[in-house]
Amino acid sequence: MVLRRGHRRSLLPAPDRAHLALPGRDPLHRPHPGAGHPSRAARKAGRETRGVTLPSLSIVTPSYNQGRFLEGTIRSVLDQGYPSLDYLVMDGGSTDGSVEILQRYQGRLRFISEKDEGQTAALNEGFRRTRGEILGWINSDDLYAPGAFEAVGRSFAANTNLEWLYGRCPIVDAAGRVIRPLVTRYKELWARRYSYRRLLVENFISQPAVFFRRRLFERVGPLETAYHFAMDYHLWLRMGEASPPAFLDRELAFFRISGENKTSRSYRESFREELDAARRVAAGRHPLLLFLHAINRVKLTAAYDLLAR
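Here the numbering used here is used: the first residue of the sequence shown is 1206, the next is one more, and so on.
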């Protein structure tokens, strides 16, 4: 069920998608303490009942002085109850109480707290230190949607040739309220109609909702440390050249804009880096698409200027 260029195919049948949809009106749907953590025997029985052996999954969280949101991110990972999860937090030497938060979860995650060379370098090091077959990363203020890991794991298990996928990713504010729905709908319009040529014009794939096989990352990676904002888009372009992704039509994650994270403060630099990434990957090919990307950059910058007012 690989999503081919210009074609959309859902990875899960309608009943499964409905089962995995977020309940209620609370977009974050935080479980009660202890919920989402079945025993090892229960997890094993659940896997046998479903008749699917889920692939191992490694998640890396880069973090630096994000204590305000860090625990919410951690819970969104651990509350998935995924049976083959390896979770590593790469902390850049935080001084705001983040380490104390991480210590409370020792035994359920691994963490390293030391000065690093920035977010991108921390991610590369984190992936090197993990062993999961499927990889993903989430920043320390974003959140995974309940049931996301199972949906992702089942999709990869059912499609052995599938190399990477992405899903829907609403935007939320510091309090977890959904904001900027028009931005999300615009991105989803293109996300449902993936083509590599369109991706060269504009980044419509939301980073927290992306998962990929380790073998693909080892083939096209690592992340480019020269980028502070567009390292994800640069990776999407390289992975897209190697293999088309699939679109999983459900919410997999929530991207937070709080005024404290770097993306909300520096969208102009982000768009500049994305244009540079497209030019580097295209390497003299697709001049018209790169021209359209440059025009689109002006449009997006103007739109975000309005949103920032």
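Don't be surprised by glycine CBs; every beta carbon is placed ideally from N, CA and C.
Using the Cα positions of Ile1339 and Phe1417, report the straight-line distance between them to the nearest angstrom. Position 134 of the sequence shown, counting from 1, holds the residue named residue 1339. Position 212 of the sequence shown, counting from 1, holds the residue named residue 1417. Spanning the two alpha carbons is a distance of roughly 6 Å.
If the criterion is Cβ atoms closer than 8 Å, does the pair Leu1495 and Arg1402 meet it? In the sequence shown, counting from the first residue as 1, residue 1495 sits at position 290. In the sequence shown, counting from the first residue as 1, residue 1402 sits at position 197. Contact check for Leu1495 against Arg1402 fails: the beta carbons are separated by 8 Å or more.
Candidates Glu1355, Pro1267, Ala1326 and Thr1335: closest to Val1257 by CA position: Start at 1 with the first residue of the sequence shown, and residue 1257 comes out as number 52. Sorting Glu1355, Pro1267, Ala1326 and Thr1335 by C-alpha distance to the C-alpha of Val1257 places Glu1355 at the top.
With H, G and I counted as helix, E and B as strand and the rest as coil, what does DSSP make of Leu1227? Locating residue 1227 in the sequence shown gives position 22, counting from the first residue. At Leu1227 the pLDDT is 29, less than 50, meaning the model places this residue with poor confidence and gives no usable figure here.
Counting C-beta neighbours from all protein chains within 10 Å, is the total for Ile1462 16 or more, i.e. buried, or is it exposed? Indexing the sequence shown from 1 puts residue 1462 at position 257. Its Cβ being crowded by 16 or more others within 10 Å, Ile1462 is buried.
Please determine whether the Cβ atom of Ser1463 lies at a distance below 7 Å from any heavy atom of the ligand HEM. The model on display carries no ligand, and the ligand HEM is accordingly not part of it.
Would you call the region 1473-1491 and the region 1388-1395 touching, i.e. three or more CB-CB distances under 8 Å? Result no; under three Cβ-Cβ pairs closer than 8 Å.
Pull up the CB-CB distance for Ile1410 and Gly1341, whole angstroms please, since I reckon it's below 8 Å. Counting from 1 along the sequence shown, the entry for residue 1410 is found at position 205. Counting from 1 along the sequence shown, the entry for residue 1341 is found at position 136. Contact between Ile1410 and Gly1341 does not hold, since their C-beta atoms are separated by about 13 Å, which reaches or exceeds 8 Å.
Buried or exposed for Asp1347, going by 16 or more other Cβ atoms inside 10 Å? Your numbering for residue 1347 matches position 142 in the sequence shown. Counting Cβ neighbours within 10 Å, Asp1347 comes out buried, since at least 16 surround it.
If the criterion is Cβ atoms closer than 8 Å, does the pair Ala1458 and Ala1327 meet it? On the sequence shown, residue 1458 is found 253 positions in, with the first residue counted as 1. On the sequence shown, residue 1327 is found 122 positions in, with the first residue counted as 1. Result no, Cβ atoms of Ala1458 and Ala1327 do not sit closer than 8 Å.
Taking the alpha-carbon of Thr1430 as reference, which of Tyr1371, Ser1261, Glu1322 and Val1294 has the nearest alpha-carbon? The count along the sequence shown starts at 1 and reaches residue 1430 at position 225. Of Tyr1371, Ser1261, Glu1322 and Val1294, the residue nearest in Cα terms is Glu1322.
Between Leu1497 and Leu1442, is the Cβ-Cβ spacing less than 8 Å? On the sequence shown, residue 1497 is found 292 positions in, with the first residue counted as 1. On the sequence shown, residue 1442 is found 237 positions in, with the first residue counted as 1. No, Cβ-Cβ distance for Leu1497 and Leu1442 is not below 8 Å.
Please classify Asp1437 as buried or exposed, where buried requires at least 16 other C-beta atoms within 10 Å of its C-beta. Numbered from its first residue, the sequence shown carries residue 1437 at position 232. Classification for Asp1437: buried.
At the 8 Å Cβ level, is Ala1483 part of the contact set with chain B, yes or no? Included in the structure is just one protein chain, with no chain B present.
Reduced DSSP secondary structure (H/G/I, E/B, other) of Phe1274: Working through the sequence shown from its first residue, we reach residue 1274 at position 69. Note: Phe1274 maps to helix in three-state DSSP.
Give a yes or no on contact between the region 1267-1285 and the region 1302-1311, applying the rule of three or more CB pairs nearer than 8 Å. By the criterion of at least three beta-carbon pairs nearer than 8 Å, the region 1267-1285 is in contact with the region 1302-1311.
Note down, in chain order, each residue of its chain lying with its Cβ closer than 6 Å to the Cβ of Asn1329, except the 5 sequence neighbours on either side. Residue 1329 sits at position 124 when you count from the first residue of the sequence shown. Here the set comprises Pro1427 and Leu1428.
Ignoring anything shorter than 4 residues or poking outside the region 1359-1415, list the alpha helix (DSSP H) runs there in chain order. Counting whole runs of 4 or more residues, the region 1359-1415 contains the alpha helix (DSSP H) stretches 1386-1396 and 1401-1406.
With which residues is Pro1267 paired in a DSSP beta bridge? Within the sequence shown, numbered from 1, the residue matching residue 1267 stands at position 62. Answer is Met1295, bridged to Pro1267.
Please report the straight-line C-alpha distance between Ala1487 and Asp1454, rounded to a whole angstrom. Within the sequence shown, residue 1487 is the residue found at index 282, counting from 1. Within the sequence shown, residue 1454 is the residue found at index 249, counting from 1. Computed Cα separation, rounded: 29 Å.
With a 10 Å radius around its C-beta and 16 neighbouring C-beta atoms as the bar for buried, classify Gln1324 as buried or exposed. Locating residue 1324 in the sequence shown gives position 119, counting from the first residue. Here Gln1324 is buried: its Cβ has 16 or more other Cβ atoms, across all protein chains shown, within 10 Å.
Where Leu1512 sits in the DSSP three-state scheme: Start at 1 with the first residue of the sequence shown, and residue 1512 comes out as number 307. Three-state result, Leu1512: helix.
If you draw a straight line from the C-alpha of Ser1400 to the C-alpha of Gly1489, how long is it? The sequence position of residue 1400 within the sequence shown is 195, counting from 1. The sequence position of residue 1489 within the sequence shown is 284, counting from 1. Each residue's Cα considered, the two are about 19 Å apart.
In chain order, what residues of the same chain lie with their CB nearer than 6 Å to the CB of Pro1267, ignoring the 5 residues before and after it? Position 62 of the sequence shown, counting from 1, holds the residue named residue 1267. Cβ contact annotation for Pro1267 (same chain, cutoff 6 Å, sequence separation greater than five): Met1295, Gln1324, Ala1327 and Leu1328, in chain order.
Quickly, what does DSSP pair Ile1318 with across the bridge? List them, please. As a first step, residue 1318 must be located in the sequence shown, where it is residue number 113. The amino acid at residue 1318 is misidentified as Ile; the sequence shows Ser. Per DSSP, the beta-bridge partners of Ser1318 are Asp1296.
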